[in-house]
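Visitor:
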Amino acid sequence: MTGHSFTDRTGTLLDSAERLCVARGSRLTELRRLVLGLVLDAGRPVGAYDLLDGLRADKKGAAPPTVYRALDFLLEQGLIHKIERLSAFVGCTHALDASHAHDAGCHPHAAQFLICTGCGQVTELDDRNIVHALVDATRGIGFTVRQSTVEAEGLCGACQTGSPAQAHGAP
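In terms of UniProt numbering, the sequence shown has 126 at position 126, counting the first letter as 1, and numbering is strictly consecutive.
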């Protein structure tokens, strides 16, 4: 194992990720687990090079391809999402939290993100109505949705009231 210490919540999510991978016949290697832990612990969207810096604390010889291979695996497994607008990654806590279990066979993998342009906070929604609307809208033209990501920019409630630092836990 690595010398990296994660929060208890991240540890729980990593254990859930491990179980998901085993159930799918894939393997959450030590390196993949470390990268996923870094994404989950960041608490905000994190770029590949920030992950590389964090990875080098445990793996001195880590290079960009190392991070990108791990990210590709984590994306493929649905354990993280890429926020295209920010070119950064966030954990898919909906997939990892047992209380949000989905029947993946019924609907395409979908993610909706609210990106605050004031403070940079990203919130993931899990609104099946949005997915159903997209599937219904495309069915008529013979298009099958396999995956969708919706990114909406605006201001979070805290930024609208002028107190983002207090609302997001800053001193």
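Backbone N, C-alpha and C define an ideal beta-carbon position, used for all residues, glycine too.
1. Kindly give me the distance between the Cβ atoms of THR93 and LEU13, rounded to whole angstroms, as I take these residues to be in contact under 8 Å.
2. Please classify GLN160 as buried or exposed, where buried requires at least 16 other C-beta atoms within 10 Å of its C-beta.
3. Is the CB-CB distance between LEU51 and LEU79 below 7 Å?
4. On the CB-based measure, 16 or more other CB atoms within 10 Å of its CB, does HIS132 come out buried or exposed?
5. Between the Cα of THR123 and those of THR7, PHE113, ALA62 and ASP41, spot the shortest distance and give me the residue it belongs to.
6. Quick check: the stretch 127-141 against the stretch 56-63, are at least 3 beta-carbon pairs closer than 8 Å?
7. Using the Cα positions of GLU153 and PRO64, report the straight-line distance between them to the nearest angstrom.
Guide: For this structure:
1. On the sequence shown, position 93 is the one that residue 93 refers to. On the sequence shown, position 13 is the one that residue 13 refers to. Between LEU13 and THR93 the Cβ distance is about 7 Å, and since that is below 8 Å, they are a contact.
2. Looking up residue 160 in the sequence shown gives position 160. Result: exposed.
3. Position 51 of the sequence shown holds residue 51. Position 79 of the sequence shown holds residue 79. No, Cβ-Cβ distance for LEU51 and LEU79 is not below 7 Å.
4. In the sequence shown, counting from the first residue as 1, residue 132 sits at position 132. Classification of HIS132: exposed, given that the 10 Å Cβ count is below 16.
5. Counted from its first residue, the sequence shown places residue 123 at position 123. Checking every option, the nearest Cα to that of THR123 belongs to PHE113.
6. no
7. Start at 1 with the first residue of the sequence shown, and residue 153 comes out as number 153. Start at 1 with the first residue of the sequence shown, and residue 64 comes out as number 64. Distance between the alpha carbons of GLU153 and PRO64: 29 Å.
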